[in-house]
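**Student:** Handing you a structure now.
Residue numbers (this note's numbering), protein chains in the order written: chain Y, 1 to 478; chain U, 479 to 956.
The following block contains the structure:
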């Protein structure tokens, strides 16, 4: 078998791998990136971008169909499924093109096509189209990404009628009906988008949680909200799938429903199994995922680093990009490994209403035994939200009782992606609630709802009376 | 004439006056608020709220009519003018109700109806329905608000066919055509909203400036953008108005056009003339507006304070509320006057694309001779903006060369109201550009466009090479 030596081998040419490549190059030209699948990141190919394109079409359809209350008459709204998917795929291909253009500019000797697995800590075997290659690497970055998880029983029961999120973006038109199995971020975004695009959708949740919010009050509100905006079956732990011709019968309790497709949205699994990590002495967790330091990306005290979805930590693009840079830089400079600061946490779901968690979640605060207070606001009567008929949801903000320092927030409501940035930046800086209240709040804006929550939080920190303050010009909620 | 003594007299029961009342009460119960017009603030009655309601309807109509590119077929969109104005007025009345409810709860002896003018520094004459009253006040807060400015020549030329922004919100249906004279914030918001609601509109700008942006590059972009989205006549300094029956002929150069109404949107003038300030020795500017300290609201070193639109400084609700609190507190505690911190500046125009100025404007930086650098981004190719077909406009961010401290920004583009808060909060805290770049940017979001501008700014501060960095997964602009 042919053998090749390199300073740094990077497994995976996705967001994390590409970031690792750029960072490693600053230390050595002896770098190779091994990719077994198509170039183009998960985000651009089957993740963030195509899902936002589908959601943009869904919001256009929803807005047109709900203009009535504003005095705008729209007698008919028709979804041209072929046209919807045409835009989703062509724009998606454009975004993917930016990625592949970048990879194409890499020197040929830095690119290697094939499936890699560990022979030992320093040796990778890469099985490519023209045979196997032995890669001896002084340092290795695992950026192998993730894949949608599919319970084998489901696959056995319905065969190719079972699809995953990746498959949706290959559609050339919209199907008549889809059962969405799962109630996580991907399930929520796709189920609501397809529902708004006229597809008969039902979302099946194993338990009674809908979406990622951990604050008990907001989790209940999330469940109630999405139960109103789309067909939803909760506590479907007894789910039975049955194939009938080209259709699938989904049975939960006594209820049976028929769909063209079953979309398995049970989360994603890191691509570590094929790496044969058992051939190494790297420390692994129960799921076989390497144990690593999130500030250095280093696996144990080894010369191996891990980044992106493969680490099974935060499957978010902006985190994968950071992790890639950290892993690539440390692989390049090894053994002089450095720890890097990480950003304040921010997670967003592009549903309607949107969902966001900024800083520490309610669950994390409770788990860490932090002594914190909560400030709340409902958007039901918030001035600007009501003006735009986006007055749904609520926001909870959390602060440390002893210091008044802002710690985090959870939200279901309008413009959560923007409020999330405002709050995550405040967490990043260690703002106190008072510093935030001293900052400008324009009028009339959704941020005034945040101000109400912060005022209530400040009052709670002072153990003061129940909230009465409100924006005089924009209703009790604002 | 009946005479009455009070500690604090407040002229005006609007946003500033109500804030001043609450603050003064903390020091004395001997407070009276004099109001000559209807209760309910300018913001709620004829400002922020009804304009945002009209804009919400306009955006609903625009969205329905432009769903095609997403693959959504909407054969017809009809504007029900009566229904549009019905919602605008009923929701407006609801917001006004919150204000009047608050005033109704004030003790009767704290409320005085009538028109006030100064007899001397300590004496106000209030002419009410049942005669005149002499009010001897130890301290006085001027919170008399403002009114739309109308060149008398225009009024003479077209009589009652000339309307101001206040009149629009009294409409029970939409007119066929309106000439909007002016290109400032109010003109821009109303002209575009009416245009999108099917009213034949033309906006006439005296010069070639459209909107408030002071950055020369962005001002040009603003003019070009709005010239494309609605009928616009620039450099109409020679404007001639002529009445013909129930219509108005608007002549600019050789061009003549016929409209049902002429909307004078030439800005607002503080309500100071009727106060007969010449009976006092208060220091006044050339426009007859009292000279004051914006951190104490104090007029000269006197016992008179001024707040809100009457001060002719920042006719913005959130500033008026702050100024009212500061003026009322200082009027209450006089002579122990205190200076209060003011918030970082933030101004937003709710046009499409939106406009915002956060922190110091380009013009202020130049006028103050600040040594600053500029970072730029265009939203034309910004990933998420393009996904939503909101990819219009640009953002300029400014930082001090010596310190790298972020100073301000001007923007024409999507979600400017939210980006504006993020940036104004950074100015408030004195963030450096690097601190901002270290903060989280989710994906795919419009904030990634801000990140590109900040990276370019950081590069300019370092005198580095031209920008090449971009978000791999969301296009060159992101």
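Backbone N, C-alpha and C define an ideal beta-carbon position, used for all residues, glycine too.
In this text, all values refer to a predicted model and were calculated from it rather than measured experimentally.
Distance check for residue 12 of chain Y and residue 123 of chain Y, CA to CA, integer angstroms please.
**Tutor:** So the alpha carbons of these two residues sit roughly 16 Å apart.
**Student:** Taking beta-carbon pairs under 8 Å, can you tell me which members of the region 709-722 of chain U lie near chain Y?
**Tutor:** Correct list: empty, as no residue qualifies.
**Student:** So for residue 555 of chain U, helix, strand or coil by DSSP?
**Tutor:** DSSP places residue 555 of chain U in coil when its eight states are reduced to three.
**Student:** Just the chain U side, please: which residues come within less than 7 Å of residue 432 of chain Y by C-beta, in chain order?
**Tutor:** Per Cβ cutoff of 7 Å: no residues; residue 432 of chain Y is ~11 Å from chain U at best.
**Student:** If you count every other CB in all the chains shown that lies within 10 Å of the CB of residue 388 of chain Y, and 16 or more means buried, which is it?
**Tutor:** The residue in question, residue 388 of chain Y, is buried, as its Cβ has 16 or more Cβ neighbours within 10 Å.
**Student:** I'd like to know whether the C-beta of residue 895 of chain U is nearer than 7 Å to at least one C-beta of chain Y.
**Tutor:** Answer yes: the Cβ-Cβ gap between residue 895 of chain U and chain Y drops below 7 Å somewhere.
**Student:** Reducing DSSP to helix, strand and coil, say where residue 527 of chain U ends up.
**Tutor:** Correct three-state label for residue 527 of chain U: helix.
**Student:** How would you list, in chain order, the residues of chain U whose beta-carbon sits under 9 Å from the beta-carbon of residue 84 of chain Y?
**Tutor:** Within chain U, the residues near residue 84 of chain Y are 548, 549 and 550.
**Student:** Can you find a C-beta in chain U that's less than 7 Å from the C-beta of residue 110 of chain Y?
**Tutor:** Taking Cβ atoms only, chain U never reaches closer than 7 Å to residue 110 of chain Y, which makes this a no.
**Student:** Say whether chain U places a C-beta atom closer than 7 Å to the C-beta of residue 478 of chain Y.
**Tutor:** In this prediction, residue 478 of chain Y has a pLDDT of 41, which is less than 50 and means its spatial position is unreliable; what the coordinates show is noted afterwards. So no, residue 478 of chain Y is outside the interface.
**Student:** For a cutoff of 7 Å on Cβ pairs, would you count residue 379 of chain Y as touching chain U?
**Tutor:** Cβ-Cβ to chain U under 7 Å: no for residue 379 of chain Y.
**Student:** To the nearest angstrom, how far is it from the Cα of residue 798 of chain U to the Cα of residue 790 of chain U?
**Tutor:** Computed Cα separation, rounded: 11 Å.
**Student:** Shortest alpha-carbon distance to residue 611 of chain U belongs to which of U/557, U/659 and U/593?
**Tutor:** Selected option, being the one with the closest Cα: U/593.
**Student:** Which residue spans inside the region 325-410 of chain Y form an unbroken alpha helix (DSSP H) run of at least 4?
**Tutor:** You should have 362-367 and 383-387.
**Student:** For the candidate residues Y/445, Y/461, Y/454 and Y/297, whose alpha-carbon lies nearest to that of residue 897 of chain U?
**Tutor:** Of the candidates Y/445, Y/461, Y/454 and Y/297, the one whose C-alpha sits nearest the C-alpha of residue 897 of chain U is Y/445.
**Student:** Indicate whether the contact test is met: 3 or more Cβ pairs, each with one atom in the region 771-782 of chain U and one in the region 802-815 of chain U, closer than 8 Å.
**Tutor:** They touch, by the three-pair rule.
**Student:** Against chain Y, does residue 906 of chain U count as a neighbour if the rule is that its beta carbon must be under 7 Å from one of theirs?
**Tutor:** Answer yes: the Cβ-Cβ gap between residue 906 of chain U and chain Y drops below 7 Å somewhere.
**Student:** Is any heavy atom in the ligand NAP found nearer than 6 Å to the beta carbon of residue 608 of chain U?
**Tutor:** What this structure holds is no ligand at all, so the ligand NAP is not there to describe.
**Student:** When you compare each of Y/106, Y/62, Y/107 and Y/426 to residue 916 of chain U by their alpha carbons, which one comes out closest?
**Tutor:** For residue 916 of chain U, the nearest C-alpha among the options comes from Y/426.
**Student:** Can we say the region 90-107 of chain Y touches the region 172-179 of chain Y, given the rule of at least three CB pairs closer than 8 Å?
**Tutor:** No contact exists between the region 90-107 of chain Y and the region 172-179 of chain Y.
**Student:** Output yes or no for whether 7 Å exceeds the beta carbon distance between residue 603 of chain U and residue 595 of chain U.
**Tutor:** For residue 603 of chain U and residue 595 of chain U, yes; Cβs fall inside 7 Å.
**Student:** Under 8 Å by Cβ, that's how I've got residue 442 of chain Y and residue 840 of chain U pegged, so tell me the actual separation to the nearest angstrom.
**Tutor:** With a Cβ gap of about 20 Å, residue 442 of chain Y and residue 840 of chain U do not count as contacting.
**Student:** Which residues in chain U have a C-beta closer than 8 Å to the C-beta of residue 387 of chain Y? List them in chain order.
**Tutor:** Chain U residues near residue 387 of chain Y: 527, 530, 531, 534 and 569.
**Student:** With 16 as the cutoff for other CB atoms within 10 Å, does residue 731 of chain U come out buried or exposed?
**Tutor:** Flag for residue 731 of chain U reads exposed.
**Student:** Please confirm if residue 920 of chain U has its CB atom under 7 Å from at least one CB of chain Y.
**Tutor:** With 7 Å as the cut-off, residue 920 of chain U counts as an interface residue toward chain Y.
**Student:** Could you name the residues that DSSP lists as bridge partners for residue 748 of chain U?
**Tutor:** Residue 748 of chain U is bridged to U/624.
**Student:** Run through chain Y and tell me which residues come within less than 8 Å of residue 565 of chain U, C-beta to C-beta.
**Tutor:** Here the neighbours are 69, 70 and 71.
**Student:** So, does the CB of residue 714 of chain U fall closer than 7 Å to a CB anywhere in chain A?
**Tutor:** Checking the listed chains, one finds no chain A in this structure; the protein chains it contains are Y and U.
**Student:** Quick one: grab the DSSP three-state call for residue 897 of chain U.
**Tutor:** Helix at residue 897 of chain U.
**Student:** Closest by CA to residue 5 of chain Y, which one among Y/322, Y/32 and Y/275?
**Tutor:** With distances taken between Cα atoms, residue 5 of chain Y lies closest to Y/32.
**Student:** Can you check DSSP and say which residues form a bridge with residue 576 of chain U?
**Tutor:** According to DSSP, residue 576 of chain U bridges with nothing at all.
**Student:** Compute the distance between the beta-carbons of residue 16 of chain Y and residue 308 of chain Y, then report whether it is under 7 Å.
**Tutor:** Yes; because the gap between Cβ atoms is below 7 Å, this pair is in contact.
**Student:** How about residue 554 of chain Y and residue 359 of chain Y: are their beta carbons less than 7 Å apart?
**Tutor:** What the structure shows of chain Y is the stretch from 1 to 478, and residue 554 of chain Y is not part of that stretch, so it cannot be assessed.
**Student:** Starting from residue 2 of chain Y, follow its DSSP beta bridges and name the residues at the other end.
**Tutor:** Paired residue(s): Y/133.
**Student:** From the DSSP secondary-structure annotation, give me the bridge partner or partners of residue 117 of chain Y.
**Tutor:** DSSP, once it has assigned bridges, lists Y/125 as partnering residue 117 of chain Y.
**Student:** Would residue 76 of chain Y be called buried (16 or more neighbouring beta carbons within 10 Å of its own) or exposed?
**Tutor:** Burial call: exposed.
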